[in-house]
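See below for the structure under consideration.
Protein chains: 2
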Amino acid sequence: MKYVSHYECVLCETRYPKTYTGNTCEQCSDQGILDVIYDYEAMKETVTLQYFKNNPKRSLWRYAPLMSVELNDFSQTLMVGWTPLYRSYKLAKSLNINTLYIKDDGLNPTGSLKDRASVVACMKAIEQNNRIIACASTGNAASSLAGNAARLGLKTVIFVPKRVPKGKLAQLYSYGAEVIKIDGDYREAYALSKSAINTFGWMNRNAAINPHLVEGKKTVALEIAEQLDFNPPDWVVCSVGDGCTIAGVYKGFYDLIQLGLIEKIPRLLGVQSEGCNPIYKAFKYARPLELALENTIADSIAVGIPRNPLKALKAIEASGGAMMSVSDNAILKAGKILSSQEGIFSEPASAAALAGLIKALEQNIITSDERVTIINTGNGLKDTDAYTAQMEEIPLMKNDLETFKEYLQRKGRKL
Amino acid sequence: MKYVSHYECVLCETRYPKTYTGNTCEQCSDQGILDVIYDYEAMKETVTLQYFKNNPKRSLWRYAPLMSVELNDFSQTLMVGWTPLYRSYKLAKSLNINTLYIKDDGLNPTGSLKDRASVVACMKAIEQNNRIIACASTGNAASSLAGNAARLGLKTVIFVPKRVPKGKLAQLYSYGAEVIKIDGDYREAYALSKSAINTFGWMNRNAAINPHLVEGKKTVALEIAEQLDFNPPDWVVCSVGDGCTIAGVYKGFYDLIQLGLIEKIPRLLGVQSEGCNPIYKAFKYARPLELALENTIADSIAVGIPRNPLKALKAIEASGGAMMSVSDNAILKAGKILSSQEGIFSEPASAAALAGLIKALEQNIITSDERVTIINTGNGLKDTDAYTAQMEEIPLMKNDLETFKEYLQRKGRKL
């Protein structure tokens, strides 16, 4: 918190002092998401190139001075962040672009980028002597909250809709979360989480409501920049659900501009699935956001009522970026490409980023000489079912070398 | 390969020159697994404490001079190794021991410790201009080979038995492996893989046959030692399937002893499941290994015909260690404890290590003042089904705050 100057409502720009502990703007309520504003002039004295060079921390906490956390003992958290940034050669070649990097955030402790936000939520809870954190989610936000909280001895209450898949419950159950299953859809789970949080005074880890979460998410951009020696790419591509991640990506680069450590903010390409693309439509047609159905296999970005469209839209626009909408089929194809060409197994929501890049290249929105980074936001192990449906049937074979040779020949496999 | 002196058969001790490219001993065939022998006197000049201190590589390649790889450009591999070593406070307290660490190898790129061996197999294939690697496996060895090979542009042929679960195939399919499904059990899949490998001259990544794999696996021990400032624990606990991992753990500490960097090799506690414990029985009753059924939920260590019992038994004995056999029930309980107390989601085969530690504490084989490290060998996301079966039924709840309050009261939940 040392360099936090104040909070500011993204809607009405009302300022709140850094001692303010409310989550949203008092005037604008839930729509009035707060932005953490820093005193960059003061921060500059500490956060220099030298600061990074001498920093031995291999986690997101190397960026603690650029974040809104008060505590400075991070020794007990899960090891979130500082994930690999891979240079891609094969995929770049097949896409006919010169420079492609893949940031693999699926290697975070619970398997997704959401860990960056959840671990910050946990630290804020500890700061505020709040031992219980709650959210409504069926997916990565929930499991990452449950895992990070378990490590720190905090309790979690997770509100899930009726249709939650049993596999996703397994991770929550295992981490010891109190799971409340609502006889209704996500909207109803969210509504009950909200009233319970207000009633019991729990820490709120609902997407976008808590202003500190974006400050955790932005570290993915800080890492991309640092891992490229502060020479960030021309484009950063990531999928968009509620909008918090891409808002965080923008914020990270914005911080580095303010600190004079990079010269430009990469253009952001936000990607949604055709089956649920309210932010895409709002961007493309420059019209107010309309709620959407959630009809896509990319369930981590299937957010019909995004909670942070404003921050997301602002980020994409300010960066001179664009949005793409891609089909489930294109997403599954992209997932297979990422795995088979780069060895990076990604859940469909992550693969959507590559599908969006492919489309943007076709439409000349991104050109082959531009440097591009894709963010892999979630591990493919989170949702193997999505890929099993795609698999061709594998015939049973006798344990017999001749049969095997014939099989290879018949299939024309050149091995 | 710079410091490799020669290879030696673990059975008859015949020596083979470092230029030997066969996998096993010519006299002893498949049972004659080779051990890579180093010239530690020469290695000592380079591999000093200072060498480690100045090493910026955050992957297993920081140990390349201690390994049997010839190439030295590792920039294109997946980022294997240098996984977190967590100090555990809560679990240590509940087990009533002073010092407990957990090495989380489930955070490797494909989700298991096997990546350490697979990436080495891939580098050896490239060295030998072999573009195809094969193995028989249904589990982590297969997926880790497929992922690491995909990243490096190598082809993989995976022989799986008939009963392979569809979910496990999804990862292989996605990585682009050529999957051959045998109308038979694992033994038959293994037999066909062996004759195909011999016929086509593919690189062999079958457990234990390839002497370089243990050299990859040993890096987990090198990391544990280095992450504890070369003051290794009294005990290292890990589960045992075919025996290669625990043999690798021993080898890593053995290397460091030879280099004068540590003073003692930790005692090794090997853990098997009651449903499949041939190495445990051979150890306990000091009798020759007998094949076993594979009847346990811990499928990554369900190895009825272990390929490397000799190296494993030698390692455990030489370390002054012990073996434990634990029930599936104890394994699932341990998995839940690891997740809920430490936020580390582990597959059943990994959780077996904690179950073994608990049993060893009960039997006073390990005492509360000894420093212990558990290795988490595989990510829980690999096998969520194992945990769903355990879950208590969660009742559906109305979206209503009063109902929710009553529910919490009724359950006696203190939130």
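Residue numbers (my numbering), protein chains in the order written: chain C, 870 to 1284; chain E, 870 to 1284. C-beta atoms are modelled at their ideal positions from N, C-alpha and C, and glycine is treated no differently. Here the structure is a predicted model, which is why all the values come from computation and not from measurement.
Buried or exposed by the 16-neighbour rule on C-beta atoms within 10 Å, applied to residue i
i                  : result
CYS1107 of chain E : buried
ASP1098 of chain C : exposed
ASN1100 of chain C : exposed
GLN997 of chain C  : exposed
ASP974 of chain C  : buried
CYS1004 of chain C : buried
ARG1032 of chain E : exposed
LYS1024 of chain E : buried
ALA911 of chain E  : exposed
ASN1268 of chain E : buried
GLY1008 of chain E : buried
THR1236 of chain C : exposed
PRO1102 of chain C : buried
ASN967 of chain E  : exposed
SER963 of chain E  : exposed
ASN977 of chain E  : buried
Test: residue i CB closer than 8 Å to a CB of chain E
i                  : result
GLY1022 of chain C : yes
VAL1048 of chain C : yes
SER1064 of chain C : yes
TYR1256 of chain C : yes
ASN1268 of chain C : yes
PHE1292 of chain C : In this structure chain C extends from 870 to 1284, so residue 1292 of chain C is not present and cannot be described.
ILE1045 of chain C : Note on identity: in this sequence residue 1045 of chain C is Gly, with Ile being the wrong assignment. Interface residue, yes.
MET992 of chain C  : no
LEU1265 of chain C : yes
GLN1232 of chain C : no
ASP1007 of chain C : This sequence places Thr at residue 1007 of chain C; Asp is not what is there. By this cut-off, THR1007 of chain C is not an interface position.
TYR1154 of chain C : no
ASN1075 of chain C : no
LYS1031 of chain C : yes
GLN919 of chain C  : no
LYS1205 of chain C : yes
SER1321 of chain C : Here chain C comprises residues numbered 870 to 1284, so residue 1321 of chain C is not present and cannot be evaluated.
THR968 of chain C  : no
THR1253 of chain C : yes
Opposing strand residues paired with residue i [DSSP bridges]
i                  : result
GLN1141 of chain C : C:SER1194
CYS894 of chain C  : C:SER898
THR1242 of chain E : E:TYR970 and E:VAL1105
ASP904 of chain E  : E:GLU877
THR1025 of chain E : E:ILE1002
ARG985 of chain C  : Paired residues: none, contrary to the question.
LYS1050 of chain E : C:LEU1265 and E:VAL1029
ASN1017 of chain C : In the DSSP output, where bridge partners are listed per residue, ASN1017 of chain C has none listed.
GLY884 of chain E  : First, the residue type needs correcting, since residue 884 of chain E is Arg and not Gly in the sequence shown. Looking at the DSSP assignment, ARG884 of chain E forms a beta bridge with E:GLU877.
SER928 of chain E  : DSSP output for SER928 of chain E lists no bridge partner at all.
ASN1073 of chain E : E:ALA1003
ASN1248 of chain E : E:SER1215
TYR1042 of chain E : None, per the DSSP bridge assignment.
LEU954 of chain C  : C:LYS972
LEU1136 of chain E : Here residue 1136 of chain E is Arg; the residue named in the question, Leu, does not match the sequence. Partner(s): E:TRP1104.
Within-8 Å CB hit, residue i to chain C
i                  : result
LEU1038 of chain E : yes
ILE1051 of chain E : yes
LEU1061 of chain E : yes
MET948 of chain E  : yes
TYR932 of chain E  : no
TYR1055 of chain E : no
GLY1085 of chain E : no
GLU1216 of chain E : no
PHE943 of chain E  : no
ASN1248 of chain E : yes
Check: Are the region 1112-1131 of chain E and the region 1172-1187 of chain E touching, with three or more C-beta to C-beta distances below 8 Å?
Finding: yes
Margin query: Three Cβ pairs or more, each shorter than 8 Å: is that satisfied between the region 1267-1275 of chain C and the region 1242-1253 of chain C?
Written below: no
Next item on the list: Scan the region 1142-1226 of chain E and note each continuous alpha helix (DSSP H) run of 4 residues or more that stays entirely inside, going in chain order.
Entry: 1147-1153, 1178-1187 and 1197-1211
Check: Contact between the region 915-926 of chain C and the region 1187-1198 of chain C: three or more CB pairs below 8 Å?
Finding: no
Notebook entry, point to check: Using 8 Å as the threshold, is the region 1057-1076 of chain E in touch with the region 877-885 of chain E, meaning 3 or more CB pairs across them?
Noted result: no
Check: Counting Cβ pairs closer than 8 Å, one from the region 1245-1263 of chain C and one from the region 1033-1048 of chain E, do we hit at least three?
Finding: yes
Next item on the list: Spell out a yes or no on whether the region 1207-1222 of chain C and the region 939-952 of chain C are touching, meaning 3 or more CB-CB pairs, one atom from each, closer than 8 Å.
Entry: no
Notebook entry, point to check: Would you call the region 927-944 of chain E and the region 982-999 of chain E in contact, with 3 or more CB pairs under 8 Å?
Noted result: yes
Notebook entry, point to check: Is there contact between the region 1150-1160 of chain C and the region 1087-1098 of chain C, where contact requires at least three CB pairs shorter than 8 Å?
Noted result: no
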